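**Student:** These protein sequence lines are chains C and S, in that order. Quick note, our numbering runs 54 ahead of the 1-based positions in the first sequence. Quick note, our numbering runs 3 ahead of the 1-based positions in the second sequence.
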Amino acid sequence: MGWLLEPLQFSFMRTGLLAAVLVGVTCAVLGVYVVLRSMAFIGDALAHTVLPGLVAAYLLGLNLLGGAVVAGVATALGIGWLSRRGTVREDTAIGIAFTGMFALGVLLMSTADSFRDFSHMLFGNILGITRVDVVLIGVLAFVVLVVLFMFHKELELTSFDPAHAKAMGLSPDTVRYGLLILLSLTVVAGIQAVGVVLISALLITPAAAASLLTRSLPRMMAISAAIAVVSGIVGLYASYYLDVASGAAIVLACTTCFIVASAIRALRQNSAANAPEPLADER
Amino acid sequence: MRAPHLGYGRRGSVKPRPGEPALLARSVDARYEGTSSLALRDVSLNVPAGLRVALVGPNGSGKSTLLKVVAGLLPIASGEVRIFGNAVGACHHRVAYLPQRGEVDWRFPIDVRKLVATGRYTHLGWLRRPRREDSEIVAETIQKLGLSDLAENQIGELSGGQQQRALLARTLVQQGDLLLLDEPLNAVDAATRDIISEVLSDLGRAGKTLVIATHDLTNLAAEFDGALYLENGREIPPEPGNFVGVTVGREVAN
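Pasting the structure below:
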């Protein structure tokens, strides 16, 4: 147990641990909607588009998360607006916004003296998170989870039957805008842990693994959150002991969980095929 | 031609006007977005409260389009539609619409009870959660449609007929006064057909107004009070020998 507790004497480890839990839970719970609504591509795109916001805030000496929130929400609304008008297909709209914003971020970076400071934005550094940052991450996580809870029934209905929602006067477009904004806030919260490039893995991989293991939405969210939190902690310790990039370690831990979940599902299906009774969980 | 505003959860809803028909459509033209030809041409319909009316015609005749217009999902290009004497959308929670099967993501991780319960949202609106009263209505309706044993099953595990019953259950828990049902008996098994027919006659006895699209000409006289025959988006006279019943078309609507 010593090796588990010993690093916690350092405040940066405690801050990192708290951040890993907050980010893990938020990404994983929202990620269930992202996976069930086939929004994986848009999640990845939103993550990339906050880069110019981050860089601009850095160059202007402003709060990084603030810059990212502005860029993320602006992109979420922009994508919603572009695809709603139907002038271009949605995935095309996303592709244009995503690469354009990312290029703008890189361009802004190249105006600075050194690229070095920006590697944290691209790839994350959970051990470098400050106390101020963790408070901001906590606020973002709280807002996202409370809004998800309050509007769960509308999110759920528009996910599986948008036509019925519309017939009852509940606009799927409105719900979608809201979800995109939540997604951008979540991405911002997670950037310091895993970086712009890998954040979509935290959104997608734990939720996808959970979707292989259960057919109940609340259980899916719980399993997804557990996977993300455990992966976050694994990445944190890997970073401390092995001196490897924390973001990459967290994502690879998630990927491992997904592989394990796939194996469990394959085994279950095999035993279900052999046994006459289906598994309790699969009924 | 803007789509009518539909309030979610009784927002801005008004009371029915006494003495007005449940549904009145006058010379309605409608077209789908991005198409130039009309899907409905000069269609009129007058359905007094408590009547059961069949919309009869082959595929593409305009039955579904007319139901979508009444449900507020498709704007009209010209003409007028009144529901209980009000504009479309004004007492929206009194209208329950059952579309044709197929727009539901059946793989989504929810059970039958939850699917049916979403019908109650039309009375709940934002931020209000289903109460015990809502759960009781849902449980009763599930039982009526013979789905009690399947209530905790994930929706993808149902057969086609069971799915149709679940969707009808969701329409019923809305407790609408005007029900718009699009081919509720299309391609279902015999057991489902019997259960649904029974439920429909119960609704008729309960004084609900039913407008049902069908292409099945048998049993019209037994199950309906009147019929509107459609072809290529227009009202046509019934062929000799076909069921007529109460006149509901152009002659009484204008």
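Backbone N, C-alpha and C fix where the C-beta goes; we use that ideal spot for every residue, glycine too. Keep in mind the model is a prediction, meaning the values are calculated, not measured.
Does residue 78 (chain S) get closer than 7 Å to chain C when you measure Cβ to Cβ?
**Tutor:** Answer no: the Cβ-Cβ gap between residue 78 (chain S) and chain C never drops below 7 Å.
**Student:** Here's the rule I'm using: 16 or more other beta-carbon atoms within 10 Å means buried, otherwise exposed. How should residue 35 (chain S) be labelled?
**Tutor:** Per the 10 Å Cβ criterion, exposed.
**Student:** Given that a residue counts as buried once 16 or more other Cβ atoms are within 10 Å of its Cβ, and exposed if not, what is residue 5 (chain S)?
**Tutor:** Burial call: exposed.
**Student:** What are the residues in the region 266-278 of chain C lying within 8 Å of chain S by C-beta distance?
**Tutor:** Within the region 266-278 of chain C, the residues whose Cβ lies closer than 8 Å to some Cβ of chain S are 268, 269, 270, 271, 274, listed in chain order.
**Student:** Going by the CB atoms, is the gap between residue 124 (chain C) and residue 107 (chain C) shorter than 7 Å?
**Tutor:** Result yes, Cβ atoms of residue 107 (chain C) and residue 124 (chain C) sit closer than 7 Å.
**Student:** According to the neighbour-count rule (16 or more other Cβ atoms, all chains shown, within 10 Å of its Cβ), is residue 37 (chain S) buried or exposed?
**Tutor:** Flag for residue 37 (chain S) reads exposed.
**Student:** Does the region 195-210 of chain C come close enough to the region 281-300 of chain C that 3 or more CB-CB pairs lie under 8 Å?
**Tutor:** Taking 8 Å as the limit for Cβ pairs, the verdict is that the region 195-210 of chain C does not touch the region 281-300 of chain C.
**Student:** Would a check of beta-carbon distances place residue 159 (chain C) closer than 7 Å to chain S?
**Tutor:** Closer than 7 Å: no.
**Student:** Since residue 94 (chain C) and residue 88 (chain C) should fall inside the 8 Å C-beta cutoff, what is the C-beta to C-beta distance between them, to a whole number of angstroms?
**Tutor:** At roughly 6 Å, the Cβ-Cβ gap stays under 8 Å, so residue 94 (chain C) and residue 88 (chain C) are in contact.
**Student:** For residue 18 (chain S), count neighbouring C-beta atoms within 10 Å of its own C-beta (all shown protein chains included) and say buried if the count is 16 or more, exposed if not.
**Tutor:** It counts as exposed.
**Student:** Between C:220, C:240, C:179, which lies nearest to residue 297 (chain C) when the distance is taken from Cα to Cα?
**Tutor:** Minimum Cα distance to residue 297 (chain C) is reached at C:179.
**Student:** Whose C-alpha, out of C:76, C:289, C:133, C:227, is nearest the C-alpha of residue 189 (chain C)?
**Tutor:** Cα-wise, what sits closest to residue 189 (chain C) is C:76.
**Student:** Can you confirm whether residue 108 (chain C), when its beta carbon is compared against all beta carbons of chain S, has any partner nearer than 7 Å?
**Tutor:** So, not an interface residue.
**Student:** Does any C-beta atom of chain C lie closer than 7 Å to the C-beta of residue 153 (chain S)?
**Tutor:** No, residue 153 (chain S) does not count as interfacial toward chain C.
**Student:** Can you confirm whether residue 312 (chain C), when its beta carbon is compared against all beta carbons of chain S, has any partner nearer than 7 Å?
**Tutor:** Chain S contact via Cβ: absent.
**Student:** How is residue 236 (chain S) classed by DSSP in three states: helix, strand or coil?
**Tutor:** The answer is coil: DSSP assigns residue 236 (chain S) none of H, G, I, E or B.
**Student:** Are residue 260 (chain C) and residue 281 (chain C) closer than 7 Å when you measure CB to CB?
**Tutor:** Result yes, Cβ atoms of residue 260 (chain C) and residue 281 (chain C) sit closer than 7 Å.
**Student:** Counting Cβ pairs, one atom from each stretch, are 3 or more of them under 8 Å apart for the region 231-241 of chain S and the region 50-68 of chain S?
**Tutor:** Contact holds: three or more Cβ-Cβ distances are below 8 Å.
**Student:** Have a look at residue 167 (chain C) and residue 214 (chain C) and give me their C-alpha separation to the nearest angstrom.
**Tutor:** Going by the C-alpha atoms only, they are around 49 Å apart.
**Student:** In the structure shown, what three-state DSSP assignment does residue 67 (chain S) receive?
**Tutor:** If DSSP states are grouped into helix, strand and coil, residue 67 (chain S) belongs with the helices.
**Student:** Looking at chain S, is there any beta carbon in it that lies within less than 7 Å of the beta carbon of residue 227 (chain C)?
**Tutor:** Closer than 7 Å: no.
**Student:** Quick one: which unbroken beta strand (DSSP E) runs of 3-plus residues sit fully inside the region 134-203 of chain S? Chain order, please.
**Tutor:** For the region 134-203 of chain S, whole beta strand (DSSP E) runs of length 3 or above, ordered along the chain, are 181-185.
**Student:** On the premise that residue 73 (chain S) lies in contact with residue 86 (chain S), defined as a C-beta separation below 8 Å, what is that separation, rounded to the nearest angstrom?
**Tutor:** That pair is a contact at about 7 Å.
**Student:** Taking 7 Å as the threshold (beta carbon to beta carbon), is residue 223 (chain C) in contact with chain S?
**Tutor:** For residue 223 (chain C), the answer is yes, since a Cβ of chain S falls inside 7 Å of its Cβ.
**Student:** Starting from residue 68 (chain C), trace the alpha helix (DSSP H) in both directions and tell me its first and last residue.
**Tutor:** 65-90 is the extent of the alpha helix (DSSP H) around residue 68 (chain C).
**Student:** Who are the neighbours of residue 87 (chain S) on chain C, taking C-beta pairs under 8 Å?
**Tutor:** Chain C residues near residue 87 (chain S): none, gap ~16 Å exceeds 8 Å.
**Student:** Quick check on the burial criterion: 16 or more other C-beta atoms within 10 angstroms. Buried or exposed for residue 173 (chain S)?
**Tutor:** Looking at its Cβ environment, which holds 16 or more other Cβ atoms inside 10 Å, residue 173 (chain S) is buried.
**Student:** In this structure, how does DSSP classify residue 248 (chain S) when only helix, strand and coil are distinguished?
**Tutor:** It is a strand residue.
**Student:** What did DSSP end up calling residue 259 (chain S) once you bin it into helix, strand or coil?
**Tutor:** With chain S covering only 4 through 257, there is no way to say anything about residue 259 (chain S).
**Student:** Report the three-state DSSP secondary structure of residue 198 (chain C) (helix, strand or coil).
**Tutor:** Residue 198 (chain C) falls in the helix class under three-state DSSP.
**Student:** Closer than 8 Å by beta-carbon distance: list the chain S residues that pair up with residue 262 (chain C), in chain order.
**Tutor:** None at all; the shortest Cβ gap to chain S is about 13 Å.
**Student:** Under 7 Å between C-beta atoms, does residue 95 (chain S) make it to chain C?
**Tutor:** Cβ-Cβ to chain C under 7 Å: yes for residue 95 (chain S).
**Student:** Who are the Cβ neighbours of residue 132 (chain C) in its own chain at under 7 Å, not counting the five residues just before and after it?
**Tutor:** So the qualifying residues of the chain are 151.
**Student:** If I measure Cβ to Cβ from residue 40 (chain S) and keep anything under 8 Å in the same chain, skipping five residues before and after, which residues do I get?
**Tutor:** Contacts found: 34.
**Student:** Determine the contact status of residue 181 (chain C) and residue 56 (chain C), defining contact as a CB-CB distance below 7 Å.
**Tutor:** Their beta carbons are not under 7 Å apart, which means residue 181 (chain C) does not touch residue 56 (chain C) by this criterion.
**Student:** Determine which residues of the region 208-228 of chain S have a Cβ less than 9 Å from any Cβ of chain C, and write them out in chain order.
**Tutor:** For the region 208-228 of chain S, which is checked against every Cβ of chain C, not one residue is closer than 9 Å.
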